[in-house]
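Data block below; observations after.
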Amino acid sequence: MPSWKQVASMCVAVAGLVVGVAGVGLALVQVPDVNKAAMSQNNVYLWADDKVMARDGETNRQVVGISEVPMSMQEAVISAENASFRQDHGVDPMGILRALVNMARGGDTQGGSTITQQYVKNAMLSQEQTITRKFKELFISIKVGWKQTKPEILAGYLNTSYFGRGAYGIQAAAQAYYGKDASKLNPSESAFLAATLKGANLYDPAGGIGGNATPALNTARAKERWTWILDRMVENHHLPAAEAAKWKAKGFPMPQKPKAGASKGGQIGYLIDVAKKYVLKHRPDISEARFDKGGYTIKTTFDEKKTKELAAAVKQVNDRYINPKLRPEKDKYVQFGGASVVPGDGKIVALYGGDGYDQGHFSNNADTYGVPVGSTWKPFVLAAAMKYGKAGDGQALSPDSKYNGDDHLKVRKPDGTYVLKKDNTPFYQVNESDHPWGYITLRKAMEQSVNTPFVQLGMDVGMAKVRDMAQTAGIAPSSFDRNLNPSFALGTSTPSAIRMADAYATFAASGMQAEPYSVIKVTSEGKELDGFDKPSARSAIDPNIANNVTDVLENVIQNGTGKAAKKLGKPAAGKTGTTDENKSAWFVGYTKQLSTAITMFREDAQNPRQLSMNGVGGFDSIHGGALPTEVWTQYMLQAMDGLPSTDFPAAQPIGQVINETGMPSPTPTPTPTLAPPTPSSTPSTSASPTQTPTATPTATCTPWDVRCKNHGGHNGGGTGGGPGGPGGDTGGTPPTSPDPTSGGSTGGGGIFGGPTGG
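Here the working numbering = 1-based position in the sequence shown + 3.
Written out as structure tokens, the structure reads:
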């Protein structure tokens, strides 16, 4: 038998060897960097009311600082997982020994690892169960305990732990179980979330995978552990006993039912697209690569209800008229786009970008340049005329000025010479029909969307001035047609639906222009980023010019090509638009509270070029007064529900009536006179003297003067769509004339190309 000295010497040698090995191990082991995967995050997008709209990224995680985690959550985790956390040095020898004893007895295997060890395993090492990894974990945990503070370690642990329901980290867990930020968790909710760290599959009351993870069994286990954690918090002096009793009396904090993870399906992908672009534009210091790594919470301006209403309006009209199976050659590739903006504010509240990312449609029809806007451009021509006058003479034109509205007219330059084609022959502008309008007011020309007056007006004012007015209203310069030829007045430019809604919103707000915006606030790691204040509105257009444009556009809905929008039943103004060869159709309209633009076109995503819509829906042609106006009306009926009928400010008379050069002077109406009486063959001395009657003057006015009260003129326009067929932009006819072909403009582009409006 060895003597006690030999035994003592051997123990000292073994202890020295262990210490030596440990020392060498500590010296050799380096603290690795945190795994990128362990800290990967997603970006969270919120609706305007703070509800989660979508999470964009592979891992549902948002890293938060320890200051954003309530003390009750911190203490619940410490009480449940590692009561000695604030005192230990990264490892707990007694805890490891207890774990080994429990394992030998077949008991609970939890409790051997400290929070530091679990953080190291989650963030720096693999999850493999090997002796080598376990030793690495021990040595690295000791070093981490030396180098990092306890708050840093606890934050790392809370941000890398898996809580179930696809949620990595405490912020994602708080949203997944209680629909709130981690900072708003109470002690009772904190105790439950700490319970899920033991294994969410068995502790989520919604149930898990396997026969032992039913909702009933999981709920029973969760309640038991929740109670135990509250008791542990009291035992460790982390929660007063009275407060724990209060939470127990209130009962188990049952979490909300699991929700399907928000994806990019439906309109969500387009909303994310617009918000992301807005963030990157306003924070150029954030690269797209950095942004895509995640960690940002983006609060948008989008209204969930209005977004769904806009999508529903498109679907209703599309399902009613468009049938690719019935008409594969005509109805295939039909697309809609739309946007809704708050006048005077610029807030984008709703978008319709297309069929959806999940349907393979990735281009955003609400924010894509490339679809000519047609006659919805004419209000900018009128506004420019009211500001600049002819050839920039500064003499504002009244909307009651008259221009020739006949079909197939030569167009004059400001110097009086005619616009010529390449072969030196005159360029002729045409209308949708050959109806002989004669000289009509600009008001009437807008109402019936007659092209020839606005082409000549644009030439008289100067297309550069028209362009400047459109930009002032809110149209982005990048979307302008660079060819300022006669067709420029009829909408050859291609702004997005967002920009068109915003520009018309300037008219709705009496000339106050606000840049459209889609993001209210961005936070990262608990800090709000600068650069996302609401854009300030500016006075862009003279209020009376804007109000006069609105007054004219109200008449478009009441009497003209936008009649279908009268169903809204509230004060509204708007304009239809159709382009050459019927390749696109628009309706842009507004109330005092909301401006909305709807576009419709055909385009094969695999072969991007716009196709004619002739024959779509079984109609000869599709125009702005038909399906786009119907979508607008269906949406606005819902979006405006509950809002008051607010009148626009009254438009005051503006400018002078300056008619088109060359307009003939009206022929005076002759005053009828009576022939002198024929003398009687037998004079009578008693005959009364015969008085010559004086003709009563008769008030005269042009048959299309909408302000004239005593004429029998007809103010009707196109049918505006509906079951009977689409109405055209220039389809109005007097009751005494043959009915011309209805619809938007389809001709007159000539060598200048592009759409010719309608």
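C-beta: ideal position from N, C-alpha, C; glycine also.
Here the region 606 to 614 does not lie against the region 632 to 643, with fewer than 3 beta-carbon pairs under 8 Å apart. E78 counts as buried, since no fewer than 16 other beta carbons sit within 10 angstroms of its beta carbon.
Ranked by Cα distance from D536, the first of E557, A654, N562, T303 is T303. Note on A223: under 16 other CB atoms within 10 angstroms of its CB, so exposed under the neighbour-count rule.
The DSSP-derived three-state label of S186 is helix.
Apart from the 5 residues on each side of it in sequence, R168 sits with its Cβ closer than 6 Å to the Cβ of A179, P261 in its chain, given in chain order. By the neighbour-count definition (other C-beta atoms within 10 Å, threshold 16), V464 is a buried residue.
For R502, the enclosing alpha helix (DSSP H) stretches over residues 500 to 511.
Under the 10 Å beta carbon count, V277 is surrounded by 16 or more other beta carbons and is classified as buried. Shown here for S615: same chain residues with a beta carbon closer than 8 Å to its own, the five before and five after excluded, namely E584, N585, K586, R605 in chain order.
Cβ contact annotation for A568 (same chain, cutoff 7 Å, sequence separation greater than five): I560, A575, G577, G592, T632, W635, T636, in chain order. For E435 against G563, the beta-carbon gap comes to about 13 Å, at or over 8 Å, which does not count as contact.
If you draw a 10 Å sphere on the C-beta of S542, you find fewer than 16 other C-beta atoms in it, and that means exposed. Here I325 is not near V317, since their CB atoms are 8 Å or more apart.
Under DSSP, the beta-bridge partners assigned to I443 are Y406. By the Cβ rule, the region 62 to 80 counts as touching the region 151 to 169, because three or more pairs are nearer than 8 Å. Positions of the alpha helix (DSSP H) runs, each at least 4 residues long and wholly inside the region 291 to 317, are given as 291 to 295 in order along the chain.
About 7 Å separates the CB atoms of K390 and D545; that is less than 8 Å, so the two are in contact.
Look at R64 here: in three-state DSSP terms it is coil, with no helix or strand label. Looking at the DSSP output, A576 shares a beta bridge with Y593. Counting the other Cβ atoms within 10 Å of the Cβ of I81 gives 16 or more, which makes it buried. With respect to the C-alpha of G419, the residue from N204, G269, G441, K393 having the closest C-alpha is K393. Under the three-state reduction of DSSP, N585 is assigned to helix. Distances from the alpha-carbon of T310 to those of M503, I271, G461 put I271 closest.
Annotation: M56 is outside any alpha helix (DSSP H); the continuous beta strand (DSSP E) that includes it extends over 55 to 59.
The region 363 to 377 makes no contact with the region 649 to 664: fewer than 3 CB pairs, one atom from each, lie closer than 8 Å.
Counting along the chain, I601 sits inside the beta strand (DSSP E) bounded by residues 598 to 607. Going by DSSP, L614 is part of the beta strand (DSSP E) stretching over 610 to 614.
Looking at K333, A353, T664, K253, the one whose alpha-carbon comes closest to that of E312 is A353. Ranking R415, D426, G514, H411 by CA distance to the CA of Q432 puts H411 first.
As the crow flies, the alpha-carbon of N486 is around 39 Å from that of M643. V453 sits buried, since 16 or more C-beta atoms from the chains shown fall within 10 Å of its C-beta. In the DSSP annotation of this structure, the continuous segment of the beta strand (DSSP E) that includes F339 starts and ends at 337 to 344. Checking the DSSP bridge columns, you'll see I351 partnered with V344.
Taking a 10 Å sphere around the C-beta of Y372, we find fewer than 16 other C-beta atoms and assign the residue as exposed. Closest option to V384, judged by alpha-carbon separation, among K530, S401, N204, A369: S401.
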